Each structure stands twice: as C-alpha cells, then as structure tokens.
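Asks: Sequential numbering of the sequence shown, starting at 4, is according to our numbering.
Beta carbons are placed, not taken as given, at the ideal position from N, Cα and C, and that holds for glycine.
If you're wondering where the values come from, they're calculated on a predicted model, not measured in any experiment.
Sharing a structure here in structure tokens format.
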Amino acid sequence: MAEELRVIMVDDEAPARRLLREYLEDTPGVTIVAECGNGFEAVKAVAEHEPDLMLLDIQMPKLDGFEVVELLERDLPIIFITAHDEHALRAFEVHAVDYLLKPYSAERLQEAIERARDRIGRGDVPASLDDLVSAARPDGGDLERILVREGSDVRVLPVEEVDYIEARDDAVAIYVGGASHLKAQRLSTLEGRLDPKRFIRVHRSFILNIDRLRSIELYAKDSRIAILEDGAKVPVSRSGYSRLRELL
Numbered sequence: 004m005a006e007e008l009r010v011i012m013v014d015d016e017a018p019a020r021r022l023l024r025e026y027l028e029d030t031p032g033v034t035i036v037a038e039c040g041n042g043f044e045a046v047k048a049v050a051e052h053e054p055d056l057m058l059l060d061i062q063m064p065k066l067d068g069f070e071v072v073e074l075l076e077r078d079l080p081i082i083f084i085t086a087h088d089e090h091a092l093r094a095f096e097v098h099a100v101d102y103l104l105k106p107y108s109a110e111r112l113q114e115a116i117e118r119a120r121d122r123i124g125r126g127d128v129p130a131s132l133d134d135l136v137s138a139a140r141p142d143g144g145d146l147e148r149i150l151v152r153e154g155s156d157v158r159v160l161p162v163e164e165v166d167y168i169e170a171r172d173d174a175v176a177i178y179v180g181g182a183s184h185l186k187a188q189r190l191s192t193l194e195g196r197l198d199p200k201r202f203i204r205v206h207r208s209f210i211l212n213i214d215r216l217r218s219i220e221l222y223a224k225d226s227r228i229a230i231l232e233d234g235a236k237v238p239v240s241r242s243g244y245s246r247l248r249e250l251l
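Below you can see the structure in the form of structure tokens.
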C-alpha cells in the first residue's frame with residue numbers, strides 16, 4: 004500500500020475547493036490536513052501541519068500562489084491549479100510537480116498526485132530558496148512590497164516605508180520605523196528587485212533608502228556614516244559613497 008500523503012489544498016473559490024476535495028477524497032493514500040481560502044491561511048497551515056504536498060491556486064487576492072511559494076521557507080512539492088495557462092512557465096521554474104489547468108478531470112489530478120509521490124519517493128531536492136524566490140517573482144518592475152514570515156504569520160512591508168536593509172548571513176534584516184524584520188533571502192537577490200534610484204548599496208552589507216538620508220559624516224579615512232532621519236546610522240564604504248554622490 005502506498006504511503007499516505009498529507010495534503011493542503013488552497014483555492015479562494017469555494018466551488019473549486021469542493022470539487023478538489025471530492026477528487027482528493029476518492030484518491031487512495033491521500034489525507035487532506037488543511038483547506039485554505041487564501042494565501043495567508045496557506046502559509047500558516049504549512050507551518051502548523053507540515054504537509055507532504057500542496058495543491059495551490061495561483062490567482063488569489065492578497066497573496067497569489069507564487070508569493071505563497073516565496074514565503075514557505077521549506078522544500079514542499081507543489082501542484083499548481085489555475086484557470087490561466089500563462090503561468091505555466093513560471094510554475095515549472097519554481098520546480099512545481101505539475102500544473103493543472105481548470106477544468107481538470109479526476110484522472111488528471113490522480114496523475115499529478117502520483118507524480119508528486121514519485122518525486123517524494125526519489126527525494127528530489129528543489130533549487131535553493133533564493134533561486135525559487137527569483138523564479139517566483141515575475142520579470143520586470145520594481146518591488147512594491149516585501150513579504151516577511153514571522154512565525155506562522157505574514158507581514159507585508161510597503162517598500163516606500165523601508166529605511167534600510169542589512170545582510171545577516173543567509174538572511175536580511177529589513178528596518179522599518181525602528182523595527183527590524185528578518186527575511187530568508189540574500190541581500191543581492193533583494194537588491195536586484197528594488198528601485199535603483201531609491202535604494203542604494205552603500206556598503207557590502209547595507210542597502211539604504213535615500214529618501215531617509217539626513218546627512219553623511221566622515222567616519223575614517225575611506226569610510227563614512229549615513230545618518231538617517233530617525234537617527235539610525237548606516238556604514239558607507241568608499242564605493243558606496245561614490246554611488247550616493249551620483250544620485251545626490
């Protein structure tokens with residue numbers, strides 16, 4: 004007998020969830036551990052239930068399916084389910100197990116489930132988290148918000164409210180109004196999605212929102228300190244100072 008798969012299903016439309024539930028209940032070796040109507044519920048459910056597989060709608064309000072992927076912070080096989088075929092390439096770039104286009108049949112769903120079971124059995128490991136995040140984000144356009152997981156909750160940080168960002172090993176600390184929020188992402192990855200006319204890499208470990216800059220003071224022979232409007236201090240390297248001078 005096949006090993007039981009613990010599954011979370013996510014779709015913002017109740018009729019779609021009902022149909023998916025019916026199909027899954029008729030699929031041997033599958034247990035539904037959570038049913039979610041939006042992306043925030045999905046992120047929380049993954050933290051609480053530690054499922055083997057997620058069946059995930061893409062176009063949802065508040066958080067779409069790709070933003071859910073960004074926030075998972077763990078390897079989890081995903082079957083995307085959507086009514087829109089234009090997302091297929093991005094789905095496989097984030098190493099989705101399968102991509103079901105609505106309306107789909109029970110047989111097609113079972114095929115996807117077996118594909119997931121096979122991947123889990125082989126122990127396939129997706130790309131690094133940063134690679135998944137990069138692929139999950141659509142090309143073009145600067146970030147308007149940064150999503151951060153705090154336990155099982157999700158905090159949405161509007162980019163214009165960010166003061167500065169600091170590298171912390173394999174994560175970044177995002178400072179907003181004196182508070183810091185830790186996100187599992189490389190500084191260089193986040194830098195590539197921010198508006199380069201507003202957010203400047205002033206140091207190998209710091210990105211500064213120049214709208215928050217009050218003054219720059221000499222700290223040592225080849226380094227300076229940026230003083231922000233709230234009094235926070237951010238180190239500025241020689242190359243970072245050159246980049247600042249080009250914009251100021």
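(1) Taking the Cβ atom as the reference point for each residue, do V212 and R204 lie within a distance shorter than 8 angstroms?
(2) Which partner residues of E44 appear in the DSSP bridge assignment?
(3) Just mark L23 as buried or exposed, buried being the case when its beta carbon has 16 or more other beta carbons within 10 Å.
(4) Identify which residue in E220, Y26, V71, E53 has its Cα closest to the Cα of V157.
(5) Are the beta-carbon atoms of R125 and D55 separated by less than 8 angstroms?
(6) Got a sec, what are the start and stop residues for the beta strand (DSSP E) D101 sits in?
(7) Quick check on S242: does DSSP put it in helix, strand or coil?
(8) Which of the three DSSP states, helix, strand or coil, is assigned to R120?
(9) Go ahead and pull the three-state DSSP assignment for V162.
(10) Do you know how far the Cα of S183 is from the Cα of Y26?
(11) How far does the beta strand (DSSP E) with R21 in it reach, from first residue to last?
(12) Can you tell which of P31, P161, L74 has the C-alpha that lies nearest to the C-alpha of E110?
Replies: A quick look at the data gives this:
(1) Taking the sequence shown and counting its residues from 1, the one referred to as residue 212 is at position 209. Taking the sequence shown and counting its residues from 1, the one referred to as residue 204 is at position 201. First, the amino acid is wrong: residue 212 is Asn here, not Val. Not in contact: N212 and R204 (Cβ atoms no closer than 8 angstroms).
(2) The residue you call residue 44 lines up with position 41 of the sequence shown. In DSSP, E44 forms no bridge with anything.
(3) In the sequence shown, counting from the first residue as 1, residue 23 sits at position 20. L23 should be labelled buried.
(4) As a position in the sequence shown, residue 157 is number 154, starting the count at 1. Of the candidates E220, Y26, V71, E53, the one whose C-alpha sits nearest the C-alpha of V157 is V71.
(5) Counted from its first residue, the sequence shown places residue 125 at position 122. Counted from its first residue, the sequence shown places residue 55 at position 52. No, these two residues do not count as a Cβ contact at 8 angstroms.
(6) Within the sequence shown, numbered from 1, the residue matching residue 101 stands at position 98. Per DSSP, D101 belongs to the beta strand (DSSP E) from 101 to 104.
(7) Sequence index remark: in the sequence shown, residue 242 carries index 239 (1-based). Helix.
(8) For the purposes of this step, residue 120 is identified with residue 117 of the sequence shown, where counting begins at 1. R120: helix per DSSP, three-state reduction.
(9) Counting from one through the sequence shown, the residue named residue 162 turns up at place 159. In the structure shown, V162 sits in a helix (DSSP, three-state: H, G or I).
(10) Your numbering for residue 26 matches position 23 in the sequence shown. Your numbering for residue 183 matches position 180 in the sequence shown. Near 44 angstroms, if we compare the C-alpha coordinates of S183 and Y26.
(11) Mapped onto the sequence shown, residue 21 falls at position 18. No beta strand (DSSP E) holds R21; the alpha helix (DSSP H) holding it covers 17 to 28.
(12) The residue you call residue 110 lines up with position 107 of the sequence shown. Out of P31, P161, L74, P31 has the C-alpha closest to the C-alpha of E110.
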